[in-house]
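Following our numbering, the numbering of the sequence shown begins with 812 at its first residue and continues without gaps. Glycine is no exception: its CB is placed at the ideal position from the N, C-alpha and C atoms. Report on the following structure.
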Amino acid sequence: MPRPTTKDDLLKAAKENYETLMAFIDGMTEKELSTPFDFSGQPSKKEAHWSRDKNVRDVLIHLYEWHKLMLQFPKNNAGVTDGKQAISILPPEYSWKTYGAMNVMFWKRNQEISLESARKLLAQSHADVMKLIEGYSNEELFTAKHFCWTGGSPLGSYFVSNTSSHYDWALKKLKAHRRNCTR
Numbered sequence: 812m813p814r815p816t817t818k819d820d821l822l823k824a825a826k827e828n829y830e831t832l833m834a835f836i837d838g839m840t841e842k843e844l845s846t847p848f849d850f851s852g853q854p855s856k857k858e859a860h861w862s863r864d865k866n867v868r869d870v871l872i873h874l875y876e877w878h879k880l881m882l883q884f885p886k887n888n889a890g891v892t893d894g895k896q897a898i899s900i901l902p903p904e905y906s907w908k909t910y911g912a913m914n915v916m917f918w919k920r921n922q923e924i925s926l927e928s929a930r931k932l933l934a935q936s937h938a939d940v941m942k943l944i945e946g947y948s949n950e951e952l953f954t955a956k957h958f959c960w961t962g963g964s965p966l967g968s969y970f971v972s973n974t975s976s977h978y979d980w981a982l983k984k985l986k987a988h989r990r991n992c993t994r
């Protein structure tokens, strides 16, 4: 599916990719759900997330934490009329150069959460993000620089990254885990 460039496409892709991800998890065996991730013998999987996330819960919590950032982003910038006053989607102590450390922090602070709780948190945050998207017009979502606080990117690109694209990333990771479980 191509990257969404309209509100309707964004809503459709986010919904479909979320449902596909949840259906995949629903179809996982007990072994697949309980076996820790291990991608250590796969040199092509060198990005940090391949070693960071240890199970399905970790993947779902990662999505949930990024939803929380997305939900806060417009609130933090309500009333901002000068891009120099914009507040990043990332917490102030992180940047796009250090967001890997932020992802590790998310991982660490959620180790006591159960898989079932992670599913519930993600379901609610997904619904909240979808509702937030609904509140914007197509122009607000996909016109570059419509909001000064999004930099040169349209707001919709943040939503795409935090919904449909992120769900696709999670699904690929879980499929790779499934393949490892059958070896």
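From R990, H977, N914 and K942, pick the residue whose C-alpha is nearest to that of P815; which is it?
Counting from one through the sequence shown, the residue named residue 815 turns up at place 4. Among R990, H977, N914 and K942, the Cα nearest to that of P815 is on H977.
Measuring straight from C-alpha to C-alpha, what distance separates A938 and K842?
What you label residue 938 is simply residue 127 of the sequence shown in a count that begins at 1. What you label residue 842 is simply residue 31 of the sequence shown in a count that begins at 1. Just so you know, the alpha carbons of A938 and K842 end up roughly 29 Å apart.
Kindly give me the distance between the Cβ atoms of L871 and R920, rounded to whole angstroms, as I take these residues to be in contact under 8 Å.
Position 60 of the sequence shown holds residue 871. Position 109 of the sequence shown holds residue 920. Not a contact, Cβ separation roughly 14 Å.
On the CB-based measure, 16 or more other CB atoms within 10 Å of its CB, does K986 come out buried or exposed?
For the purposes of this step, residue 986 is taken as the residue at position 175 of the sequence shown. The residue in question, K986, is exposed, as its Cβ has fewer than 16 Cβ neighbours within 10 Å.
Going by DSSP, what residue range makes up the alpha helix (DSSP H) through M812?
Translated into positions along the sequence shown, residue 812 becomes position 1. Segment: none, M812 is in no alpha helix (DSSP H) and carries neither H nor E.
C-alpha distance - G962 paired with W907, whole-angstrom precision
As a working mapping, residue 962 is identified with position 151 in the sequence shown. As a working mapping, residue 907 is identified with position 96 in the sequence shown. Going by C-alpha positions, G962 is about 13 Å away from W907.
Terminal residues of the continuous alpha helix (DSSP H) containing K856?
Here residue 856 refers to the residue found at position 45 when the sequence shown is read from its first residue. For K856, there is no enclosing alpha helix (DSSP H), as DSSP marks it with neither H nor E.
Would a C-beta distance cut-off of 8 Å place L926 and Y875 closer than the cut-off?
Position 115 of the sequence shown holds residue 926. Position 64 of the sequence shown holds residue 875. Contact check for L926 against Y875 fails: the beta carbons are separated by 8 Å or more.
Taking DSSP as the reference, what is the three-state secondary structure of G967?
Sequence index remark: in the sequence shown, residue 967 carries index 156 (1-based). Note: G967 maps to helix in three-state DSSP.
Taking the alpha carbon of M833 as the reference point, which residue from S975, T993 and R990 has its own alpha carbon closest?
On the sequence shown, position 22 is the one that residue 833 refers to. Measuring C-alpha to C-alpha distances from M833 to each of S975, T993 and R990 identifies S975 as the nearest.
List the endpoints of the continuous alpha helix (DSSP H) containing C992.
Stepping through the sequence shown from its first residue, residue 992 is reached at position 181. Going by DSSP, C992 is part of the alpha helix (DSSP H) stretching over S975 to C992.
So, under 8 Å CB-CB, H966 and H957 are touching, yes? Tell me the CB distance rounded to an integer number of Å.
Translated into the one-based positions of the sequence shown, residue 966 becomes position 155. Translated into the one-based positions of the sequence shown, residue 957 becomes position 146. Sequence inspection shows Leu at residue 966; the His mentioned does not correspond to that position. Taking a contact as a CB-CB distance under 8 Å, the pair L966 and H957 counts as one, their CB atoms being some 7 Å apart.
From R868, D837 and I898, residue whose alpha carbon lies closest to that of P847:
In the sequence shown, the residue the question calls residue 847 occupies position 36. Measuring from the Cα of P847, the nearest candidate turns out to be R868.
Give me the Cα-Cα distance between N973 and G894, rounded to the nearest whole angstrom.
Taking the first residue of the sequence shown as 1, we reach residue 973 at position 162. Taking the first residue of the sequence shown as 1, we reach residue 894 at position 83. Rounded to the nearest whole angstrom, the C-alpha separation of N973 and G894 is 22 Å.
Nearest to K879 (by Cα), restricted to the options W918, G838, E950 and S936
In the sequence shown, counting from the first residue as 1, residue 879 sits at position 68. Of W918, G838, E950 and S936, the residue nearest in Cα terms is S936.
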